[in-house]
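Asker: Got a structure here, written out as structure tokens. Questions coming.
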Ligand SMILES: Cc1cc2nc3c(=O)[nH]c(=O)nc-3n(C[C@H](O)[C@H](O)[C@H](O)COP(=O)(O)OP(=O)(O)OC[C@H]3O[C@@H](n4cnc5c(N)ncnc54)[C@H](O)[C@@H]3O)c2cc1C
Ligand SMILES: Cc1cc2nc3c(=O)[nH]c(=O)nc-3n(C[C@H](O)[C@H](O)[C@H](O)COP(=O)(O)O)c2cc1C
Ligand code: FES
């Protein structure tokens, strides 16, 4: 028997596979497809203080081996998420829940994180300072070490009960420097990466496909870049890393962990195949055996 | 909603740029006409959504227009090839609302779901009537099939090459109807909305990330809050639509 379990900040995960924010709704929708209790954890859709409609449609375009999205953080607001959506999820699901928090100002991040910290339904807080699809917020906090550190510090001052992960953008000059700045400001872990700023033009209409003009690219196309960034961040910090970007197979999980991830998130793959996470989890033991891995914990950063 | 493997039974040209594809596989997840399937195509990241035109146990039919790379690739597929399909997606039309004389209005690639709807309305002893709008004679498809159901079928073509010259709305004036069911390009839906004197249901299209409600890629505003075209739609009631 191989051991797929991992541990993040003292919280035990039965395996490292977590559906990524924005690609799994509030989780309970996927109970239609399979028993979601097989997951390592669930990361919920990005949440802001007030309800948000998001961007106009079209919000979706396609790239070679990937998807562009410009959803723009559609969500019902932190209160409704904590009071209505998470109880629905908790009712059927008993593994850890990661709350993904977004904002347009430092105060908004602080407000939402404080609420998430109080909620008994949230196990880990993931602060998204990397959404490329909203203006004057999101990613603008995540592209410099100073602003990333500032948000981290502000959030860490008020969150007392739960680990805080900062989710980083790949659209930054030096992602290792940003991760380091977050670690120094007290972050308990780093999630990376969010999507790459990208666009497509409809040649027939000669206009951008996305109503927002630009969107975020993710999917298998970005896996090698995400892997490289996890590698670099692993060399720069000592806190745990959740590796995200283009993961769609058990082999990808192992590769990402060798680069330095303690756990991984699977995003776009869920949209193409609703069973993606379940399949990866089922494939993990045989993949481990194939590569002579007895315990996944033992390979974290093993590529260095 | 289910994920199933389907095998292509036939894939033939039905009109200019329009193909008819028959598939065999488990159709038990379909609960209403107007629902759609989402087909995985090798070499493309996103699935492609198509309305179910008609279905029975272990068989379903779609009609698709070649508009881009994915549909061009589909047009070259051969019988016996298999497709990974998400099936039973979306809400579909509500038959119970039809009244005795529903009017079905379809435009171009939006026509297919109305055929399955018409068949089931007839089974329920309703008397549907249909208006089908095309750009031109060469693009006409499914007309005979509707006529073979024994329902009154009015054709409009934008260039006047067949039937009434003009748009589907030009053929609405003299109709007597209890309810409207429609599917087609958004400009057509809006024109029908403005011209229709009864209540009705309108089927919308949007670019989709998943097709089953997970990504918020297809949300629109309605009078009753945000709705995902793929899960809460594609069919919206006239009363809730915001243009
Ligand atoms: C619920 C629903 C039902 C549909 N039913 C039918 C049908 O019965 N017959 C038919 O011919 N067409 C139908 N369509 C439209 C059909 O999905 C698109 O024409 C098709 O996806 C185009 O793929 P492509 O690769 O050829 O085009 P490309 O332009 O190369 O596709 C690029 C991307 O854009 C998406 N896309 C392009 N046009 C559309 C569109 N109009 N709607 C949604 N996504 C689009 C594609 O899915 C793909 O992700 C339906 C769409 C929806 C949303
Ligand atoms: C449709 C969609 C919506 C997303 N929404 C969010 C979000 O709300 N918050 C967030 O932090 N990341 C969001 N992401 C980014 C993913 O969580 C993930 O970081 C990214 O897609 C890379 O992983 P992938 O290549 O496996 O998709 C979204 C991605 C997609 C495709
Ligand atoms: S396409 Fe994903 S929610 Fe509708």
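Chains as they are written, first to last, in the UniProt record's numbering: chain L, 1 to 304; chain F, 1 to 243.
We put the CB at the ideal spot given by N, CA and C, even for glycine.
Keep in mind it's a predicted model, so treat the numbers as computed, not measured.
Considering only their Cβ atoms, is the gap separating residue 6 of chain L from residue 281 of chain L smaller than 8 angstroms?
Answerer: Residue numbering aside, residue 281 of chain L sits at position 281 when the first chain is read from its first letter. Residue numbering aside, residue 6 of chain L sits at position 6 when the first chain is read from its first letter. No; because the gap between Cβ atoms is not below 8 angstroms, this pair is not in contact.
Asker: Exposed or buried, what is residue 230 of chain F when buried is set at 16 or more other beta-carbons lying within 10 Å of its beta-carbon?
Answerer: Taking the second chain and counting its residues from 1, one reaches residue 230 of chain F at position 230. Classification of residue 230 of chain F: buried, given that the 10 Å Cβ count is 16 or more.
Asker: Under three-state DSSP, which class holds residue 170 of chain F?
Answerer: Residue 170 of chain F sits at position 170 when you count from the first residue of the second chain. If DSSP states are grouped into helix, strand and coil, residue 170 of chain F belongs with the helices.
Asker: Does the beta-carbon distance from residue 31 of chain L to residue 92 of chain L come in below 8 angstroms?
Answerer: Walking along the first chain from the start, residue 31 of chain L turns up at place 31. Walking along the first chain from the start, residue 92 of chain L turns up at place 92. Yes, the pair counts as a contact, with Cβ atoms nearer than the cut-off.
Asker: Is residue 228 of chain F buried or exposed, if buried means 16 or more other CB atoms sit within 10 Å of its CB?
Answerer: Here residue 228 of chain F refers to the residue found at position 228 when the second chain is read from its first residue. Classification of residue 228 of chain F: buried, given that the 10 Å Cβ count is 16 or more.
Asker: My guess is that residue 165 of chain L and residue 126 of chain L are in contact by the Cβ rule of under 8 angstroms, so how many angstroms apart are they, rounded?
Answerer: What you label residue 165 of chain L is simply residue 165 of the first chain in a count that begins at 1. What you label residue 126 of chain L is simply residue 126 of the first chain in a count that begins at 1. Right, their Cβ atoms sit about 5 angstroms apart.
Asker: Using only the alpha-carbon positions, how far apart do residue 61 of chain F and residue 208 of chain F sit?
Answerer: On the second chain, residue 61 of chain F is found 61 positions in, with the first residue counted as 1. On the second chain, residue 208 of chain F is found 208 positions in, with the first residue counted as 1. Cα to Cα, the separation comes out at about 21 angstroms.
Asker: In whole angstroms, what is the alpha-carbon distance linking residue 223 of chain L and residue 251 of chain L?
Answerer: Locating residue 223 of chain L in the first chain gives position 223, counting from the first residue. Locating residue 251 of chain L in the first chain gives position 251, counting from the first residue. Between residue 223 of chain L and residue 251 of chain L, the C-alpha separation is close to 12 angstroms.
Asker: Against residue 318 of chain L, what residues of chain F qualify as contacts under a CB-to-CB distance less than 7 angstroms, listed in chain order?
Answerer: For residue 318 of chain L there is no data in the structure shown, the boundaries of chain L being 1 and 304.
Asker: Which parts of the region 91–125 of chain F are runs of the beta strand (DSSP E), unbroken and 3 residues or longer, counting only runs that do not cross its ends?
Answerer: Correct list: 102–107.
Asker: With a threshold of 8 angstroms on Cβ separation, who are the neighbours of residue 302 of chain L within its own chain once the five nearest residues in sequence on each side are excluded?
Answerer: In the first chain, counting from the first residue as 1, residue 302 of chain L sits at position 302. The answer, listed in chain order, is 257, 258.
Asker: According to DSSP, simplified to helix, strand and coil, what is residue 59 of chain L?
Answerer: Here residue 59 of chain L refers to the residue found at position 59 when the first chain is read from its first residue. Coil at residue 59 of chain L, not helix or strand.
Asker: Which residues does DSSP list as the beta-bridge partners of residue 242 of chain L?
Answerer: Start at 1 with the first residue of the first chain, and residue 242 of chain L comes out as number 242. Paired residues: L:191, L:263.
Asker: Taking 7 angstroms as the limit between beta carbons, can you name the residues of its chain near residue 244 of chain L, skipping five residues before and five after?
Answerer: The residue you call residue 244 of chain L lines up with position 244 of the first chain. Counting only Cβ-Cβ distances below 7 angstroms, and skipping sequence neighbours, we find 20, 191, 192, 193, 226, 264, 265, 267.
Asker: If you compare alpha carbons, which of L:62, L:121, L:187 is closest to residue 78 of chain L?
Answerer: Against the first chain, residue 78 of chain L aligns to sequence position 78. Looking at the Cα atoms, L:121 is the closest of the given residues.
Asker: What is the residue span of the alpha helix (DSSP H) that residue 155 of chain L lies within?
Answerer: The sequence position of residue 155 of chain L within the first chain is 155, counting from 1. Its alpha helix (DSSP H) spans residues 145–158.
Asker: For the region 47–67 of chain L, which residues have a CB atom closer than 8 angstroms to at least one CB atom of chain F, in sequence order?
Answerer: Cβ contacts with chain F: 53, 54, 57, 58, 59, 60, 61, 62, 63, 64, 65, 66, 67.
Asker: Mind pulling the chain F residues with CB within less than 7 angstroms of residue 81 of chain L?
Answerer: Here the question's residue 81 of chain L lines up with position 81 in the first chain. Neighbours of residue 81 of chain L on chain F: none; closest Cβ ~13 angstroms, over 7 angstroms.
Asker: To the nearest whole angstrom, what separates the beta carbons of residue 219 of chain L and residue 198 of chain L, a pair I think is in contact under 8 angstroms?
Answerer: In the first chain, counting from the first residue as 1, residue 219 of chain L sits at position 219. In the first chain, counting from the first residue as 1, residue 198 of chain L sits at position 198. Incorrect: roughly 11 angstroms between the Cβ atoms, too far for contact.
Asker: So does the region 171–178 of chain F actually touch the region 195–205 of chain F, counting three or more Cβ pairs closer than 8 angstroms?
Answerer: Yes, the region 171–178 of chain F is in contact with the region 195–205 of chain F.
Asker: Is there contact here, the region 19–27 of chain F with the region 286–295 of chain L, by at least three beta-carbon pairs under 8 angstroms?
Answerer: No, the region 19–27 of chain F does not touch the region 286–295 of chain L.
Asker: Using the three-state DSSP reduction, which class does residue 54 of chain F fall into: helix, strand or coil?
Answerer: Here residue 54 of chain F refers to the residue found at position 54 of the second chain. Strand.
Asker: Quick one: which unbroken beta strand (DSSP E) runs of 3-plus residues sit fully inside the region 25–83 of chain L? Chain order, please.
Answerer: Runs of the beta strand (DSSP E) inside the region 25–83 of chain L: 60–63, 66–69.
Asker: Go ahead and label residue 173 of chain L buried or exposed: buried means 16 or more other beta carbons lie within 10 angstroms of its beta carbon, across all protein chains shown.
Answerer: Residue mapping note: residue 173 of chain L aligns to position 173 of the first chain, counting from 1. With fewer than 16 Cβ atoms within 10 Å of its Cβ, residue 173 of chain L is classed as exposed.
Asker: Can you tell me the Cβ-Cβ gap for residue 133 of chain L and residue 213 of chain L, rounded? I've got them flagged as a contact below 8 angstroms.
Answerer: Reading the first chain from its first residue, position 133 is the one you call residue 133 of chain L. Reading the first chain from its first residue, position 213 is the one you call residue 213 of chain L. With a Cβ gap of about 10 angstroms, residue 133 of chain L and residue 213 of chain L do not count as contacting.
Asker: What first and last residue would you give for the beta strand (DSSP E) that runs through residue 230 of chain L?
Answerer: The sequence position of residue 230 of chain L within the first chain is 230, counting from 1. First-last for residue 230 of chain L: 223–236, but that is the alpha helix (DSSP H), not the beta strand (DSSP E).
Asker: Indicate whether the contact test is met: 3 or more Cβ pairs, each with one atom in the region 90–101 of chain F and one in the region 126–134 of chain F, closer than 8 angstroms.
Answerer: Touching, per the Cβ criterion.
Asker: Where do the N-terminal and C-terminal ends of the alpha helix (DSSP H) with residue 201 of chain F fall, by residue?
Answerer: Taking the first residue of the second chain as position 1, residue 201 of chain F is located at position 201. No alpha helix (DSSP H) contains residue 201 of chain F, which is instead part of the beta strand (DSSP E) from 200–203.
Asker: Residues of chain F with CB closer than 9 angstroms to the CB of residue 29 of chain L, please, in chain order.
Answerer: Mapped onto the first chain, residue 29 of chain L falls at position 29. Ordered by position in chain F, the residues that pass the 9 angstroms Cβ test against residue 29 of chain L are 212, 213, 214, 231.
Asker: Near residue 219 of chain F, which residues of its chain fall below 6 angstroms by C-beta distance, leaving aside the five closest residues on each side in sequence?
Answerer: Stepping through the second chain from its first residue, residue 219 of chain F is reached at position 219. Counting only Cβ-Cβ distances below 6 angstroms, and skipping sequence neighbours, we find 226, 228.
Asker: Closer than 7 angstroms: is that where the CB of residue 273 of chain L sits relative to any heavy atom of ligand 2?
Answerer: Along the first chain, read from residue 1 onward, the residue named residue 273 of chain L stands at position 273. Not so, every heavy atom of ligand 2 lies at least 7 angstroms from the Cβ.
Asker: Within a Cβ cutoff of 7 angstroms, which residues of the same chain sit near residue 193 of chain F, ignoring the five residues on either side of it in sequence?
Answerer: In the second chain, the residue the question calls residue 193 of chain F occupies position 193. Here the set comprises 202, 238, 241.
Asker: Any chance the region 29–45 of chain L sits against the region 94–114 of chain L, with 3 or more Cβ pairs inside 8 angstroms?
Answerer: With a cut-off of 8 angstroms, the region 94–114 of chain L and the region 29–45 of chain L count as touching, because enough Cβ pairs lie within range.
Asker: Have a look at residue 38 of chain F and residue 3 of chain F and give me their C-alpha separation to the nearest angstrom.
Answerer: By one-based count along the second chain, residue 38 of chain F stands at place 38. By one-based count along the second chain, residue 3 of chain F stands at place 3. C-alpha separation (whole angstroms): 9 angstroms.
Asker: If residue 304 of chain L and residue 235 of chain L are in contact, beta carbons under 8 angstroms, what's the gap, nearest whole angstrom?
Answerer: The residue you call residue 304 of chain L lines up with position 304 of the first chain. The residue you call residue 235 of chain L lines up with position 235 of the first chain. Correct: roughly 7 angstroms between the Cβ atoms.
Asker: For ligand 3, which residues have a Cβ under 5 angstroms from at least one heavy atom, in chain order?
Answerer: Result: F:208, F:209, F:210, F:213, F:215, F:217, F:218, F:228, F:230.
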